[in-house]
Every structure is written in C-alpha cells, then in structure tokens.
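Read the structure below first, then the notes.
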Amino acid sequence: MQRIIRRVIGVLCLLLATPLWAQVFDYQVRFNRSLTESETRVCFSDSIPRMLITGDIAAAPLLAEVQVRGGTVRRKANRLYLFPDSDQLCLTLVQRVKAQSSSYDWRRQRRGSMWFGRDLVLPIGSWLWRPAKLTPGQQIQLSFDLPAGVNISAPWPVMAANTFRIDHQMPYNWAGRMALGRFTPIELKVGEQTLEVAMLDGLERRRNLLDWLQQAATTVAGVSGYFPTARTQVLVLPVGVDKEAVPWAEIQRQGRPAVHFFIDQHRPIYEFTRDWTAVHEFSHLLHPYILRQDAWLFEGIASYYQNISRVRSGLLTEQQAWQKLYDGFQRGSKKIGGAVLRDSNEIMQFYWGGAAFVLMADVELHQRSGQSLAGVLHRFRQCCGEDMGPWSAKVMLRQLDQLSQGTTFIQLYRQQVSRRAFPAVYGVLDQLGVKVRNGRVSLDNAAPLAGIRREITR
Ligand SMILES: [Zn+2]
3 MQRIIRRVIG VLCLLLATPL WAQVFDYQVR FNRSLTESET RVCFSDSIPR
53 MLITGDIAAA PLLAEVQVRG GTVRRKANRL YLFPDSDQLC LTLVQRVKAQ
103 SSSYDWRRQR RGSMWFGRDL VLPIGSWLWR PAKLTPGQQI QLSFDLPAGV
153 NISAPWPVMA ANTFRIDHQM PYNWAGRMAL GRFTPIELKV GEQTLEVAML
203 DGLERRRNLL DWLQQAATTV AGVSGYFPTA RTQVLVLPVG VDKEAVPWAE
253 IQRQGRPAVH FFIDQHRPIY EFTRDWTAVH EFSHLLHPYI LRQDAWLFEG
303 IASYYQNISR VRSGLLTEQQ AWQKLYDGFQ RGSKKIGGAV LRDSNEIMQF
353 YWGGAAFVLM ADVELHQRSG QSLAGVLHRF RQCCGEDMGP WSAKVMLRQL
403 DQLSQGTTFI QLYRQQVSRR AFPAVYGVLD QLGVKVRNGR VSLDNAAPLA
453 GIRREITR
C-alpha cells in the first residue's frame, strides 16, 4: 500500500513539476545486467524533430539497432534523420556499450567510456540520441529501468527515482558523464546544499574520502557563506597507482555543473586533504560557464580562491596563502610568450595572470566601496545563475560592473588583460603589506592596505 501511495505521490510531483505548456519527450531506458547494452524507447508526436543527434561521433557505431513505428529513419554518422508518415513516430534504439578498463590507460581514455571494476562511466555525448535543439518548454525526461542493485549518477535535475529532466538550456554537445553500477549514491550536506557523490568500484567503503570532499566543499562555501551550486554531481573515480593523490579533476557543465575526480585510491588520506585540487575545482563553481578562449578568467578565479578560501577555513596560514599566490605570480610572469594575457596560451601565464587580475579587482572593490569580489560573484549567481552561458569574459565583467555599480572590472580588463602580458600586481601586493625578500613572503600590518588584506582572508 505504501508503495502505491509513494508511486501516486511520485506521479503527482512529476505532473506538478511540468509546466502546462511543456512538451516532454519521454525516454524509457533499460540496461542489461552486465551494463553492456541499453534499449531506449521514445515516441515523438506533435512537433516531431527533424533528426536526433549525439554530442560525440563515437556513438554512431554503437547504435546496433533502430526500430521505428510511424515513419522511417535514415542514419548518417551521429545523426538519425526522422521521416514521419503519421502524427506520431516511435523509436527503439539498441546501443552497445564499448568501454575501456580504467587500468588500461585512463589518461588517454578519460574522455571515453570506462569501466571502474564493474561500474561504468559513460560520457553523455557518446550515448544520448536527442533532438539537436529543444525549444523553450520542450524537455527530455529520461527514466531508467536498471537491473537489481544497480544505481545511476547523472548531472540533470532528478524528478523521481532514476528519472531525470533535460531542458532547452542544455545543448547536446556540452560534456557530462553518467555513472552506472553497484555503488551506493551518497548525499553529502554542505550547509544548505547537497553534493550527490558516487564513489566507484567499492570506494564508498573508504569513508575518509568523504571527509576530504566535505572539507574542500566547506572551504569553498566559506568564500561567500554558501556552497555555490545546488545538487552537484560528484564522481570519484579510482584509477590505481599514480604519481599523486588527485592526478586529474575537472568540471563538466552538461546538466547541473558537476565535479569529477580521478584519484589514486591507494594514497593515505592526508595526501588528499593537503592537496589543492579539490578546492580549486569546487572554486570553479563560484563562476558560470565561461568561454574556453577566456580561460584566463575562470582559471584566475579558481587559482585565487583555492588559496584565499583555505586561509578562511584554517587550512593555510595567511603567510602561506600569500606565499603561494606570490610564487604563482612569479611562475606566471616568467613563463610569458609574446601574447597579451587575453590571448595567451601559456598555462602558467593565464592561470596566474588571471589570478593577479582577480586579486586586483577584489582589492579595488574593497577600496572603492567596501564590497568584496565574493559578494559580487554571489549576487551574480542570484541574478544570472539561470543563464547557463557560456559567458564571454567581457559580457560577464560588464555584468559584474553593473552589480557592483562601478567600472572596476572593465577598466582593469582594458588596462591589465588586453594590453599587458601580465597584470601589474606587485605594486598592489606591496600596498597590501605582502613584502618579499629573497623570494620569501612576510606580512606587514603597517602597510596602507593591510586592513583590506586581512579582510580578504578573514
Ligand atoms: Zn581550473
């Protein structure tokens, strides 16, 4: 009886969550026991899309069978053209899963499908056949019917158990991953927000890795008092013996922003909690999706806050954090190609040049109007978080100027990013009381902007 009531409530919730004008494409998906094959059934009516497409061409040879009712289809690479001969066209797609073992060469494989033990990680682009474009009001609902004991982790909003929604704001070619397997999904609370953690291949037994994630996420929440994103998918993927605890991590933006960690699970926990990678990646959630060509801005924000936030949470002393920032600025300003920061392809230059820009903006906001960059970024998420982007640096900086009622961001951009190879940050450090002798940082509380320095890390 309880089951029936739960089911009825589930259906009611789905109905309530669906706007009256919405057109929902209902995908019913089944995976076989070994997760080596999926079968997807979907019917389109009213406005039948001209074609279905996948984000990755790798999906094409894995589409083993297409059954169609109410029309015909023509396949061409990763496109499936639909030719309805009635007002409804129904498809059954049988897809094979072809994945490499993570023990094989995970660095080369990580963009593709991978096995972690018997758990599967599937890039969405190489599996999901969907309309190339959804118009406002059109949604895809994916309902997974999974073998007993198998769970799923996916980056989209959850509508009911194993049921997800994709709306028109999610382009088909944005990267994201699903994980399927015998892991237990874990909800990790960070203040008001929740991380939806999936630790693959039995890793959930290592509970202390959750402390590592909690510590890093709480540290980033300390920047503005809130963890920046809701129900964030976190995948922890064990890759075996490697040269460091977290050899790779990345943000993906298909669905809600997600953070994926590739880890050497054999490392002791203190190597994880000392590592900066998790704090850096969670710091990327402080900003929206920014165009790849403007990497100086998003890597600058994350490189700045990976240090500033760790002082606030007590993981670094003030001196250690400014030393790390100074060392970064040194690395960045030595490794300079011929390009101005805006156009730089040198990793050290645009990571640390970006961080220098971000520091200068933060200082100027404090100086000019007692505002902080963390506060302005928080207001940005409130005003514009619905706009998934990708944002260009210039459009985003204009918006930040509007929110902070000034011209700090655009002016700094013009002076420091579009004309110089590396921002003139050393004078600002000096004013903040970050003094350097033989490469070693000490802090001077009598410096003119020492108060602002302490405010930034408080
Ligand atoms: Zn980064």
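If you count the sequence shown from 1, you need to add 2 to reach our numbering.
The C-beta atom is built at its ideal place from N, Cα and C for all residues, glycine as well.
Quantities reported herein were computed from a predicted structural model and do not represent experimental measurements.
Determine the DSSP secondary structure at Leu17, reduced to helix, strand or coil. As a working note, residue 17 is residue 15 in the sequence shown. With a pLDDT of 49 at Leu17, under the threshold of 50, the modelled position of that residue is not reliable, and the figure given next carries that caveat. Note: Leu17 maps to helix in three-state DSSP.
Taking Met161 as part of the beta strand (DSSP E), name the residues at either end of that continuous run. By 1-based counting over the sequence shown, the position of residue 161 is 159. Counted as a single uninterrupted DSSP element, the beta strand (DSSP E) harbouring Met161 occupies residues 160-162.
Reduced DSSP category for Thr94 - H, G, I as helix; E, B as strand; rest coil: Within the sequence shown, residue 94 is the residue found at index 92, counting from 1. Three-state result, Thr94: strand.
Given 8 Å as the limit, tell me if Ser311 has its C-beta closer than that to any heavy atom belonging to ligand 1. What you label residue 311 is simply residue 309 of the sequence shown in a count that begins at 1. No, the beta carbon of Ser311 sits no closer than 8 Å to any heavy atom of ligand 1.
What does the shell around ligand 1 hold, if a residue joins when its beta-carbon is under 6 Å from any heavy atom? Every residue whose Cβ sits closer than 6 Å to any heavy atom of ligand 1 is listed here in chain order: His282, His286, Glu301, Ala304.
DSSP beta-bridge partners for Asp107? Here the question's residue 107 lines up with position 105 in the sequence shown. DSSP output for Asp107 lists no bridge partner at all.
Minimum C-alpha distance to Ile55 - residue among Ala251, Leu148, Ala134: As a first step, residue 55 must be located in the sequence shown, where it is residue number 53. The shortest Cα separation from Ile55 among Ala251, Leu148, Ala134 belongs to Ala134.
Terminal residues of the alpha helix (DSSP H) in which Glu301 lies: Translated into the one-based positions of the sequence shown, residue 301 becomes position 299. Segment 297-314, the alpha helix (DSSP H) holding Glu301.
How would you write the range of the alpha helix (DSSP H) that Ser145 sits in, first residue to last? Taking the sequence shown and counting its residues from 1, the one referred to as residue 145 is at position 143. No alpha helix (DSSP H) contains Ser145, which is instead part of the beta strand (DSSP E) from 140-147.
Run through DSSP, which three-state label would His262 get? Locating residue 262 in the sequence shown gives position 260, counting from the first residue. Secondary structure at His262: strand, using DSSP grouped into helix, strand and coil.
Apart from the five residues on each side of it in sequence, which residues of its chain come closer than 6 Å, Cβ to Cβ, to Glu189? In the sequence shown, residue 189 corresponds to position 187, counting from 1. Same-chain partners within the cutoff: Thr196.
Sequence-distant residues of the same chain with beta carbon closer than 7 Å to Glu301, five excluded per side: Position 299 of the sequence shown, counted from the start, is the residue given in the question as residue 301. Within the same chain, Glu301 has close Cβ partners Phe352, Tyr353, Gly356.
Within this structure, are the beta carbons of Leu293 and Ala452 separated by less than 9 Å? Locating residue 293 in the sequence shown gives position 291, counting from the first residue. Locating residue 452 in the sequence shown gives position 450, counting from the first residue. No.
Can you check which of these residues, Pro51, Ile50, Val31, is closest to Glu39 by C-alpha distance? Sequence index remark: in the sequence shown, residue 39 carries index 37 (1-based). The closest CA to that of Glu39, considering only Pro51, Ile50, Val31, is found on Val31.
Between the alpha carbons of Arg381 and Val75, how many angstroms are there, rounded? Counting from one through the sequence shown, the residue named residue 381 turns up at place 379. Counting from one through the sequence shown, the residue named residue 75 turns up at place 73. One C-alpha to the other measures close to 47 Å.
Go ahead and pull the three-state DSSP assignment for Glu457. Counted from its first residue, the sequence shown places residue 457 at position 455. Look at Glu457 here: in three-state DSSP terms it is helix.
Suppose you measure from the CA of Leu327 to the CA of Asn309; what does that come to, to the nearest Å? As a position in the sequence shown, residue 327 is number 325, starting the count at 1. As a position in the sequence shown, residue 309 is number 307, starting the count at 1. Answer to the nearest angstrom: the Cα atoms are 7 Å apart.
When DSSP builds the beta bridges, which residues end up paired with Trp131? Counted from its first residue, the sequence shown places residue 131 at position 129. Under DSSP, Trp131 shares a beta bridge with no residue.
Compute the Euclidean distance between the alpha carbons of Leu144 and Phe264, then round it to the nearest angstrom. Locating residue 144 in the sequence shown gives position 142, where the first residue counts as 1. Locating residue 264 in the sequence shown gives position 262, where the first residue counts as 1. One alpha carbon belongs to Leu144, the other to Phe264, and they sit about 27 Å apart.
Neighbourhood of Asp28 by C-beta, 6 Å cutoff - its chain only, sequence neighbours within 5 removed: Here residue 28 refers to the residue found at position 26 when the sequence shown is read from its first residue. Cβ-Cβ distances below 6 Å link Asp28 to Gln143 in the same chain, with the five nearest sequence neighbours on each side left out; the list follows chain order.
Ignoring anything shorter than 3 residues, give me the beta strand (DSSP E) runs that lie fully in the stretch 223-268, in order along the chain. Runs found: 234-240, 250-254, 260-265.
Is the beta carbon of Arg179 sitting closer than 9 Å to the one on Leu124? The count along the sequence shown starts at 1 and reaches residue 179 at position 177. The count along the sequence shown starts at 1 and reaches residue 124 at position 122. In contact: Arg179 and Leu124 (Cβ atoms closer than 9 Å).
Top-ranked residue by Cα proximity to Leu414, from Leu405, Gly387, Asp364: Along the sequence shown, read from residue 1 onward, the residue named residue 414 stands at position 412. The shortest Cα separation from Leu414 among Leu405, Gly387, Asp364 belongs to Asp364.
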